[in-house]
Amino acid sequence: MWRYIGRKLAVYLLTFVVAVTINWMIPRFMPGDPIRSMLSRASISDPEALERMNAYYNELFGLDTPLWQQYLSFWAGLFRGDLGISIMLYPEPVTDIIMRSVPYTLAVLLPAIVLSWIVGNRFGAFAARSKVLDNTILPVGYVLTATPYMWLALLLAWALGVVLGWFPVSGGYSYSLRAAFTWEFVWDLVMHWFLPFLSMFVVALGGWAIGMRNMIIYELEADYSNYLQALGAPRKLIRRYAFRNAMLPQITGLAVQLGTIIAGALLTEIVFNYPGLGSLILDSLTNRDFFLLQGIFLFVVVGVLIANFIIDIVYVLVDPRTRVQMTGGAA
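The sequence shown begins at -2 in the working numbering and counts up by one.
This is the structure in structure tokens:
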């Protein structure tokens, strides 16, 4: 087991280095000069003063050095826990800005992923053995799966926010309130959180339900199921084995989903103007903030790698064939 974990950690460490290097390179090869963009917003009319400020900020952010020196400085800062200073919100540290947005994104992403996975798998398992559910409610899942995040988010904002007025459609909390640990503020946070969460939950739910339904039907028609049925095994026992086998691809799918769900979070947060990492990525791109952008990507990479590593360990625990391969036996 420890040897398996050691190999996995080595692979994830290599993946981390490659992913972080690519994330460092992408902003620097984007068109545009971030310092010039920052100074243009200051509306400085004196060309000489503009040049002096341009040279000062390039030196301050280390952008006047060769790329290889910037790359080494980035890794040195990373080991110290220093991600630099934001160009967009100068002189605020990148770490502080990201830490303000992370709770909002995690509050939407984690419940949406986990609940849609649990509810979708249970619902798909029921639909596989109930023709009523299979013919009536499950087709809705096909529609939801084909629905883009942004489109559904706009529809929910219009229906539940604008027309019915049940939920606010913009922001993380009301501008009239100050952040405080009070019931009024917490309730306001929940009301602003609900629509972004619901849009991501509903879209993901259909995919999990369809996947589990198809896998259960496949497993119930497999040779081992027919053999157990011929031996007179209870139907409940056969369904239990089928459900366990059908869960394995769903666990793999959960790992893949964690890597792609960020794109959905970005669109959802833009629609609802929700102050999470998605909105922060858009602002960083607009303002060409290298340091903030690479800091956000770093956080996303680390989060996805940790989640995938946990899924790998869970996979070993639930799949006996993987444990056999670890000990050198035949699968």
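Cβ atoms here follow ideal geometry from the backbone N, Cα and C, with glycine treated the same way.
Here the structure is a predicted model, which means the values were calculated and not measured.
- In the DSSP annotation of this structure, the continuous segment of the alpha helix (DSSP H) that includes T133 starts and ends at K128 to T133.
- If you look at A176, you'll find it isn't in any alpha helix (DSSP H); DSSP assigns it neither H nor E.
- In the DSSP annotation of this structure, the continuous segment of the alpha helix (DSSP H) that includes F288 starts and ends at F287 to V315.
- Of the residues R210, S70, H189 and L314, the one whose Cα lies closest to the Cα of G158 is H189.
- When beta bridges are read from the DSSP output, P90 appears opposite I82.
- Apart from sequence neighbours up to five positions away, the residues of its chain that approach Q291 with a beta-carbon distance below 7 angstroms are N20, W21 and P24, ordered along the chain.
- DSSP, read as helix, strand or coil, puts D185 in helix.
- If only complete runs of 4 or more residues are kept, the region 175 to 250 shows the alpha helix (DSSP H) at 180 to 217 and 220 to 227, in order along the chain.
- One Cα belongs to A206, the other to A243, and the distance between them is close to 12 angstroms.
- In the DSSP assignment, F76 falls within the alpha helix (DSSP H) that extends over L64 to F76.
- In this structure, F287 places its C-beta atom within 8 angstroms of the C-beta atom of P31.
- Boundaries cannot be given for T144, as no alpha helix (DSSP H) includes it and DSSP labels it neither H nor E.
- C-alpha of F198 to C-alpha of S113: approximately 6 angstroms in a straight line.
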